[in-house]
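All residue numbers in the sequence shown are consecutive under our numbering, ending with 365. Here's the structure, in structure tokens; my notes come after.
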Amino acid sequence: TVTVDSTPPTLSLANLGAILSGTVTVDATIVGATNATLQAQPAAGGSWTTVATTSSAPFTFAFDTTSLTDGQYNIRVVADDAYGNEAIDTRTAIDVDNTAPSLVSSSPADGTVLADGTSLTSISLVASEPLTAVGNLQLDGNPIGAPAVSGTSATVTFGAVLPGLHVLKGTLTDLAGKTASFRVDVTLLDPTDTMQSVAKNALPNATTTLTSVDNSSTVTVRPGSYTTSSGLDDWLVLRITPQPASIASMS
């Protein structure tokens, strides 16, 4: 008996959503197949990589998206039957995002010392990826309103502040709902006060240098000087507050 079968399996890949993170369940309705593979390809093109397989109904895949670097992908299911017939269903431009956003830059930059007479009424932020929100905002410990967000950028506005060290804190939220804290330190000079504090974030993978307002002290933190536990949203903040000679001589 010779069996001739040139009919491919029937296949329908369920909607994946626009953004994937973590391990997601991918469902496919498949009839007539003996095995199926879930594959990913960079959206810009390239080879397909198998990320999950299954050989029995229901044809459901556990897709660990952390096996891919963050980016945009085409995702497909390939179903094969016992006679070599194949069916393919593809979804395009699916974003994989397993990384929380981070603050790339700000204006004024973190650790900036502004000249006397400068008006400080806003701080502009640029994140590592597009955001949906910048929330939990506090300026010097006082809650302030959330800014409008445009792509990776947001500008936080507030009333004019007096001379001194000012600290803006908040939370960045990306399109996948992942969050991370940020902090920006800015000092507005008072020419009559040489004892003003300055501060700056010191990340564990970068060289950070901070100099006091009166130029009497400089602190440098080099890469690898400290480590943080995986998953913890924390870092070292340098702060220098000059002391009067009468106090310093007592220490």
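Here a beta-carbon is modelled for each residue, glycine too, at the ideal position from N, C-alpha and C. Computed from a predicted structure; not experimentally measured.
- Residue Asn188 holds the alpha-carbon nearest to the alpha-carbon of isoleucine 133 among Asn188, Gln310, Ser219.
- Sequence-distant Cβ neighbours of isoleucine 202 in its own chain, meaning closer than 8 Å and more than five residues away, are Leu125, Arg190, Val191, Val192, Ala193.
- The beta-bridge partner set that DSSP reports for lysine 283 consists of Gln252, Arg297.
- When the alpha-carbon of valine 227 is set against those of Asn329, Phe296, Pro257, the nearest one is in Asn329.
- Under the three-state reduction of DSSP, threonine 148 is assigned to coil, being neither helix nor strand.
- Under the three-state reduction of DSSP, threonine 355 is assigned to coil, being neither helix nor strand.
- Here the C-alpha atom of valine 335 lies approximately 7 Å from the C-alpha atom of threonine 323.
- In the displayed model, threonine 121 falls within coil according to three-state DSSP, outside both helix and strand.
- The alpha carbon of serine 331 has as its nearest neighbour, out of Arg353, Ser339, Asn315, Asp209, the alpha carbon of Arg353.
- When C-alpha distances from glycine 278 are compared across Asn212, Gly225, Leu182, the shortest belongs to Gly225.
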